[in-house]
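Just below is one structure, and these are the notes that go with it.
Chains as they are written, first to last, in my numbering: chain Y, 1 to 354; chain U, 1 to 1019.
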């Protein structure tokens, strides 16, 4: 059993990201312009949602007069972005703007919305972080998505030996760690095809190939102040990451039986007197109860550690091999059970974020 | 532009503002006390503004009742428009009445010209024909030019067909000339359409065709001006409605803009009329000279009216387009309406054209029956041609048409020449005016000299009369009296004869005085025979007697008149009883008859007056005799008999309607009565001699007439009483008996009795008024008094009846209440309440009853409905998408109304929003969904707060704007009143000057109140 203490990612520590955040610095595609490989252009989102734009990346050099909307060989759709809020613009109800200050998106609640601060709830509705920053919020559900790959680099202040990727969609992930003093100290690429449940050749050949939704690395060398780069690739579509946690792990002990893992469903299911259900599907959160064998001598340290992380989301890893025992959340309760002089247990009730 | 027009718009806007303020009050009144307070303040300020506006109107010389009438009229216009009537229809219906009201105030269509165009009024007064033209132009609003042009275009085929139907050959057609509709045809057709409505047939009959072009031009101006005036009213109304949501300072701009539009339109009307009149005068003078009719003055300057300064210009730049659009729409509607009128009169015009062409063809001999292919038309033309007068008129019109056309062409050429030569026509006209004025002054001086000479002669007579009066003696007094009479001072004659003459002078409207002054010019004619003095006397009522007395037969002289006066005393003794019997009039008649008797002493004469029943009542059916004085005496005695009969009939409640046949007269000195009505004065022929006892003769004649059955409508018993024995005693009995009968009827049928008595009273008053020569207005007042008194009598009778039955009814109502029949009791109570109320107030009371019933229903069922509505909401308050949709819909509907300032929605917003959020909480798929709902609620609440604040701020902004407007309007009104006063002054001066010119040779009035400065130039 271990926990991974989350390293806060901020503007200062996010070194780079290939996920566009807004229209700032980008231009609309022009049919008279020849674009080079890797150039980014904007196209108005054809769905018309929230006054948004789609960002395309040129896949080839000499890219001239190939409409991104209909030229997948020339352009790769990355993600949807919105304009930064502008006091001089009058927004209609439903328009979405991006706030560079807090990296969040806001939806206009009323029409004729001109020069109304984003802090006014009667005018703007906070609809969450921008696409680039969704992987760093405290929701496991909201995902960052980007065409083909997501590549971020985070400067860690101190040490970090673990990287956790939760609620992801991708075929492989590459983790790199590099320090200024030592250079590259970790560089490994992991295939995300899941072998869970494949226990015989029949299943190997005939079961659908499943990918891992969660991924965890805990053996990055503990060199000081590393820059950790995470690259998630998804060649057939958009790579997506629900939560990216970089931090230092702490071994609590050994998870033993009995343990319970499951989810708490927040969906609303009401049945009337005639058996008719009214169902509103909502998010769910992981729940787990673990029994961990700890060394009696660590009780004080562990107790202080756990107390310091009260109501603070961290990654709880019940069993490294089972992703279903990984919970990004906090404990509801913990108790030390000093069963006998040689047996000390840490009883953890965990609940995950949605 | 006059202040009255501003008043119209101001009052219209006040009405609109008050209406909208009432809506505002209803909308927000229940929301907060603060808003209610502000709205109340707004209404107070509006009231003050209305008072200021009324004062401004009074300051503009419009009487209060005229303004009130105008306000009602404008209200009718607004109501008409609001009810969906076509604007043009409303304007045409109400415009004429507005014009009438403005006319009462002295600022009507003609009066408007009087107020604004001093030059126009001078010519209009001197030439009422032109005033008729201008009135017709403004009233009809047809566009002569356009109509002519359009008819020629659209009816070309019909015109050609008509020409062909005449059966003329090609050569004949060419000889006839172009068959088309001339302006004259249009004019005649238009006149046929409007003459009856305007009642100007008589005026028009004096118009010659040379007036057509003037009318043509005036109509063109009238059409544009009329449309402009209408558009100013209607456009302002629509414009205000369009910009109302953003009204503020815009209101001020719109009002002033509308006023300026009206000023512009009126100015166009005046200047159009001035231009037409100038042109008319220039071309008409040669024609008038040829017809030996007097010429007219010429050269009227254009009128320039000041516009209202507009400090709010640009305040409604955005709304200005909407306002201008409204004005343009109204203008187009007005023009279309006028064109429609033109279309309606098209048939009349076309008929006029046919008549003209037919007539001209007849005149040219083209419709000779022998060569006719269209016998019917030629026969009609032949008949027309056979009328010599008609032919002359046709020739005259034709020549005038031709001359007019040529003159107009010449005039147009002249204008072009002037333009090319750089000549200033206005300066030339001014010079011509100066020359003309000098010539007029020179000519008028002769009349002035003549009048002054007459005045000196009159003074000399007055002085002579004074000297004769001082001499004393009957001869001197008589001569003095006559001379005073000649100078018009009848009162100075003295004595009863003088009083009589003065009375007659007054009753003849001063005709005697005027005649006396006229006679000073020709004494020989005065003394020579029965001239106009006699006629005036006859017009005065007793003129026959006086005329005969003073002038006698042809060849009488001053001596006969003096003799008549000398016999006055004898006559007074002889006819004292008659004077007493007939009252004050009898005294006068006594003196008059005294004079007659005095004259009668000179020779033996006889006369008899026969009384009969004519179509209008009793009358002297015949007056025979050989002596004028006896005739007069007989006539007066007969008059006494008739008056007495009328008095008796009135006293007894009867009427004069039965057969009468009795004669009363004189033979020598004796009064004679012929009961057969044969006019005999000889006793041998059945006449009864009463000697000099005129009273006895009159009494006998009265009794005989009663016996004949002169008085009808009496009961048989009363008839028997008055037909038996001595008339005076029997009358006394009859009156006592009739009094008893009347008392009985008054008790049993009080209303009928009161109405009968009132009818008799009013009948007597009507006769007195007729005798007094009352004017039509006085007669109308008398009739109105009768109606009022009739209403009073009915009301009194009703009240008496109610007081009788009231107590019993109250007991019945109480019984109904005790029986539990509250509805019946209430109905009976209301019935009593209405019965005790004045009739004019009953509809209001009935409305109150209805409202009370309605309120009771609301109070009863309103809570029930609310309760059921709440229960219904509970039924749908369960979870589920369907109920959430309903709640969301209800919330959004309420929020939308609240955002518009609906007070009810504002009050419900909190509750519906809470329900919506609760439902959203239940149904949201994510927190974002719920927060989105929360944001929607926040936005709605925010809009609701803004709407509530806006209502209050809006009301205050209106108050501020109106206060600013009021101040500006007041100052404008003062300025306008000052300008109007100056215009009035100039107009009056011009009118006096022109009047003197037109009355060449007559006296010049130089009263001190309106001095005439003859050297001052025309403005």
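We treat Cβ as the ideally placed atom computed from N, Cα and C, and that holds for glycine.
Keep in mind it's a predicted model, so treat the numbers as computed, not measured.
What does the Cβ neighbour count give for residue 605 of chain U, buried or exposed, with the cut at 16 atoms within 10 Å? Classification for residue 605 of chain U: buried.
Answer yes or no: does any C-beta atom of chain U fall closer than 8 angstroms to that of residue 355 of chain Y? The displayed coordinates of chain Y run from 1 to 354. Any statement about residue 355 of chain Y would go beyond what the structure contains.
Per the contact definition of three or more C-beta pairs closer than 8 angstroms, is the segment 925–934 of chain U in contact with the segment 951–966 of chain U? At 8 angstroms Cβ cutoff, the stretches do not touch.
Decide if residue 915 of chain U is buried, meaning its Cβ has at least 16 other Cβ atoms within 10 Å, or exposed. Taking all protein chains shown into account, residue 915 of chain U has 16 or more neighbouring C-beta atoms within 10 Å of its C-beta and is therefore buried.
What residues in its chain sit with their C-beta under 7 angstroms from that of residue 619 of chain U, if we drop five residues either side in the sequence? These residues qualify, in order along the chain: 612.
Indicate whether residue 688 of chain U and residue 667 of chain U have their beta-carbon atoms separated by less than 8 angstroms. Annotated as distal: residue 688 of chain U and residue 667 of chain U, with beta-carbon spacing of 8 angstroms or more.
Between residue 820 of chain U and chain Y, is any beta-carbon pair separated by less than 8 angstroms? With 8 angstroms as the cut-off, residue 820 of chain U does not count as an interface residue toward chain Y.
Residue from Y/268, Y/34, Y/244, Y/40 with nearest C-alpha to residue 20 of chain Y: Nearest of Y/268, Y/34, Y/244, Y/40 to residue 20 of chain Y, Cα basis: Y/40.
Please state the DSSP three-state secondary structure of residue 941 of chain U. Three-state result, residue 941 of chain U: helix.
Taking all protein chains shown into account, do 16 or more other C-beta atoms lie within 10 angstroms of the C-beta of residue 344 of chain Y, making it buried, or fewer, making it exposed? A buried status is given to residue 344 of chain Y, since no fewer than 16 other beta-carbon atoms sit within 10 Å of its beta-carbon.
For residue 221 of chain Y, return the contacting residues in chain U, with the cut-off set at a CB-CB distance below 9 angstroms. Those within 9 angstroms of residue 221 of chain Y in chain U number zero; the least Cβ separation is about 40 angstroms.
Is the beta carbon of residue 36 of chain Y sitting closer than 8 angstroms to the one on residue 84 of chain Y? If you check the CB distance, residue 36 of chain Y and residue 84 of chain Y do not come in under 8 angstroms.
Segment contact, 8 angstroms Cβ cut-off, at least three pairs: the segment 212–225 of chain Y with the segment 171–189 of chain Y: The segment 212–225 of chain Y is in contact with the segment 171–189 of chain Y.
Sort Y/320, Y/140, Y/310 by Cα distance to residue 216 of chain Y and report the nearest one. Looking at the Cα atoms, Y/320 is the closest of the given residues.
Listed from N- to C-terminal order along the chain, which residues in the segment 273–293 of chain Y have their beta-carbon within a distance smaller than 8 angstroms of any beta-carbon of chain U? Using a CB distance below 8 angstroms, the part of the segment 273–293 of chain Y facing chain U consists of 278, 280, 281, 282, 283, ordered along the chain.
Taking 8 angstroms as the threshold (beta carbon to beta carbon), is residue 165 of chain Y in contact with chain U? Chain U has no Cβ within less than 8 angstroms of the Cβ of residue 165 of chain Y.
Are there three or more Cβ pairs, one per stretch, closer than 8 angstroms when the segment 167–176 of chain Y is compared with the segment 226–246 of chain Y? Remark: three or more beta-carbon pairs, one from each stretch, lie closer than 8 angstroms, so the segment 167–176 of chain Y and the segment 226–246 of chain Y are flagged as touching.
How far does the alpha helix (DSSP H) with residue 923 of chain U in it extend, from its first residue to its last? DSSP places residue 923 of chain U inside the alpha helix (DSSP H), whose first and last residues are 903–923.
Of all the alpha helix (DSSP H) runs that stay within the bounds of the segment 284–338 of chain Y, which reach a length of 4 or more residues? Taking 4 residues as the shortest admissible run, the segment 284–338 of chain Y contains the following complete alpha helix (DSSP H) segments, listed from N- to C-terminal end: 299–308.
Give a yes or no on whether the C-beta atoms belonging to residue 289 of chain Y and residue 259 of chain Y are separated by under 8 angstroms. Contact: yes.
Where the beta strand (DSSP E) through residue 666 of chain U begins and ends: For residue 666 of chain U, the uninterrupted beta strand (DSSP E) segment begins and ends at 662–667.
Just to make sure I have the definition right: I need the residues of chain Y whose C-beta is within less than 8 angstroms of the C-beta of residue 867 of chain U. Which are they? Result: empty, since nearest Cβ-Cβ is about 26 angstroms, beyond 8 angstroms.
The segment 924–953 of chain U: positions lying closer than 8 angstroms to chain Y by Cβ: Within the segment 924–953 of chain U, the qualifying residues are 924, 925, 926, 928, 931, 932, 934, 935, 936, 938, 939, 941, 942, 943.
Presumed contact (8 angstroms Cβ cut-off) between residue 722 of chain U and residue 731 of chain U, rounded CB distance: Your pair residue 722 of chain U and residue 731 of chain U checks out as a contact, with CB atoms roughly 6 angstroms apart and the cut at 8 angstroms.
As an exercise, report each continuous alpha helix (DSSP H) stretch of at least 4 residues that is fully enclosed by the segment 705–743 of chain U, in chain order. The DSSP assignment places 716–722 as complete runs of the alpha helix (DSSP H) inside the segment 705–743 of chain U, in order along the chain (cut-off: 4 residues).
Please list, in chain order, the residues of the segment 99–129 of chain Y that have any C-beta partner in chain U closer than 8 angstroms. Only those residues of the segment 99–129 of chain Y whose C-beta falls short of 8 angstroms from the nearest C-beta of chain U are listed: 107, 109, 110, 121, 122, 123, 124, 125, 126, 127, 128.
Would you give the residue range spanned by the beta strand (DSSP E) that residue 269 of chain Y belongs to? Under the DSSP assignment, residue 269 of chain Y falls in the beta strand (DSSP E) whose first and last residues are 268–271.
Would you call residue 202 of chain Y buried or exposed, if buried means 16 or more other Cβ atoms sit within 10 Å of its Cβ? By the 10 Å Cβ count, residue 202 of chain Y comes out exposed.
How about residue 883 of chain U and residue 919 of chain U: do their beta carbons lie closer than 8 angstroms? Annotated as proximal: residue 883 of chain U and residue 919 of chain U, with beta-carbon spacing under 8 angstroms.
Just checking, does the segment 761–776 of chain U make contact with the segment 811–825 of chain U on the three C-beta pairs under 8 angstroms criterion? With fewer than three CB-CB distances shorter than 8 angstroms, the segment 761–776 of chain U does not count as touching the segment 811–825 of chain U.
DSSP bridge partner residues for residue 44 of chain Y (one or two, in chain order): For residue 44 of chain Y, DSSP records a beta bridge to Y/53.
Under a Cβ-count criterion, where at least 16 other Cβ atoms within 10 Å of its own Cβ denotes burial, should residue 346 of chain Y be classed as buried or exposed? Buried, since its Cβ has 16 or more Cβ neighbours within 10 Å.
Pick out whichever of Y/149, Y/133, Y/148 has its Cα sitting closest to the Cα of residue 142 of chain Y. If we check each option's Cα against that of residue 142 of chain Y, Y/133 comes out closest.
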